[in-house]
Amino acid sequence: MHEKMLDEDLKSSTSEVDITAQIVEMARSGGSGLPGNRSVMGEGDPVLVRWSDGHWYPARVTSIHSQQYQVSWDPPYQCWAPEKVAEASVIPRMNQPREVCNFDVALEFVKRLRSLKHRSSQSTRLEVVYHWTREENVNKIIENNLKPPGATNADGTQIHVLNGEAFGRGIYASTDVNYGRAYGAGLSCGFLCLAFPGHMGRTPHGKGIPKRLCKKDDCYQQGSLRVYRSSEQVLPLFFTDLPTAPRLSEVAQTIARVLRERVLEQSVTELEFKKGEKVEVLWHGSYWQAEVAQVRADGLLDVKWLFPFQTWPAECGVSTARLRRPEGH
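Each step along the sequence shown adds one to the number in the numbering used here, with nothing skipped, and position 142 is 142.
Structure (structure tokens):
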């Protein structure tokens, strides 16, 4: 009974620390059972090893000694002689879905979101975005969050420009799970995050649409592409492959709902969807335009698709976790 009361107190608390603790627990619960959650390396486990040239190479642990690993090299380097390497030079292979929500990163996200709660709803519009990166960067991101080029990690390493800055200097992500997969260099998994745009200035009349992140703005948007100025705008929740992304995205949308209610203090009425309302529905990792056709007694929704997808069969029994309002609503 005491534990139940404590749990109820946590769920009603407006403390940033308590809210953060709740969303971290929601992420861990939603990601339980994912194959990549195990973090301890053992004999036979696939790893990446940083060699003397500073690059990472695939290998496999053959034995473990005090602060050292004996490894044999995986193809195409299997002809290399096995060797002992320092513990600090070995990281587990990161190509399986796993939960990655970091409490400290989540707390900074909650604090920044709350600081904007009196801004326009557009500034605090939470959405699920995806970020693809090379395997050797995954652990750094889990520990430090996504960071823009020029920023520094906790261990002193600096973030460098790896793939250009065509749309400005920032953190690149997309609402489309398939966008940017090439940057994963063959990985089958990428980061699933919650994010919000912050301040986005309006283009003066006649000046045209900005083609990159402007100095006075926190975010640049073009189609599904997003470029965020700071780490506090992005919260990595999961490392996911394509088949697992829809389920984990629903978990992320449930977390977003808690943040809207508890951090932004939006009423339940504001969050409810109504019959005839235009919405965007998450389907196979991307959002598609639709209209609410029916609000069912069980809280689920039936939706019909809008042009140019109006010939698609209606989707019935859609969870509100898969819905969002279009920009500007």
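C-beta atoms are modelled at their ideal positions from N, C-alpha and C, and glycine is treated no differently. A quick note: this is a predicted structure, and the numbers were derived from the prediction, not measured.
In the three-state DSSP reduction, Gln289 falls in the strand class (E or B). For Ser249, the enclosing alpha helix (DSSP H) covers residues 245-262.
Ranked by how close their Cα comes to the Cα of Arg119, the residues Tyr69, Gly170, Leu264, Pro148 have Leu264 in first place. Counting other Cβ atoms within 10 Å of its Cβ, Glu43 stays below 16 and is therefore classed as exposed. Taking a contact as a CB-CB distance under 8 Å, the pair Ala151 and Ile159 counts as one, their CB atoms being some 5 Å apart. In its chain, beyond the 5 residues on either side, Ile19 have a beta carbon closer than 6 Å to the beta carbon of Arg262. A Cβ-Cβ separation of about 6 Å places Gln294 in contact with Lys275 under the 8 Å criterion. By the Cβ criterion, the region 318-326 is in contact with the region 275-291, since at least three pairs of Cβ atoms, one from each stretch, lie closer than 8 Å. Bounds of the alpha helix (DSSP H) holding Ile141 are 138-144.
Proximity to Leu192 across Asn145, Ala21, Cys79, Leu306 peaks at Asn145, based on C-alpha coordinates. Here the C-alpha atom of Thr320 lies approximately 43 Å from the C-alpha atom of Val49.
Listed in chain order, the non-local C-beta contacts of Gly30 below 6 Å within the same chain comprise Val251, local neighbours out to five positions each way being set aside. A Cβ-Cβ distance of about 17 Å is found for the pair Leu107 and Thr124, leaving them out of contact under the 8 Å criterion. Counting only runs of 4 or more residues that sit fully inside the region 96-161, the alpha helix (DSSP H) segments are 103-115, 138-144, in chain order. By the 16-neighbour rule on beta-carbons within 10 angstroms, Leu300 is exposed. Here Thr244 is buried: its Cβ has 16 or more other Cβ atoms, across all protein chains shown, within 10 Å.
A check of alpha carbon separations from Arg169 across Ser230, Asp155, Leu34 identifies Ser230 as the nearest. Across the set Gln68, Leu126, Leu259, the C-alpha of Gln68 shows the shortest separation from the C-alpha of Ala88.
Annotation: Val85 to Arg93 spans about 16 Å, alpha carbon to alpha carbon. Burial is judged here by how many other beta carbons sit within 10 angstroms of a residue's own beta carbon; Pro313 has fewer than 16 and is exposed.
Around the beta carbon of Gln78, fewer than 16 other beta carbons sit within 10 angstroms, so the residue counts as exposed. Excluding five sequence positions before and after Lys117, the CB atoms of its chain that fall closer than 6 Å to its own CB belong to Leu264, given in chain order. Annotated three-state conformation of Ala88 is helix, per DSSP. Taking each of Val318, Pro197, Ser15, Ala59 in turn and checking the Cα distance to Lys216, the smallest one comes out for Pro197. DSSP, read as helix, strand or coil, puts Asp241 in strand. Annotation: Thr14 to Tyr183 spans about 39 Å, alpha carbon to alpha carbon. By the CB criterion at 8 Å, Ile171 and Val227 fall inside the cutoff.
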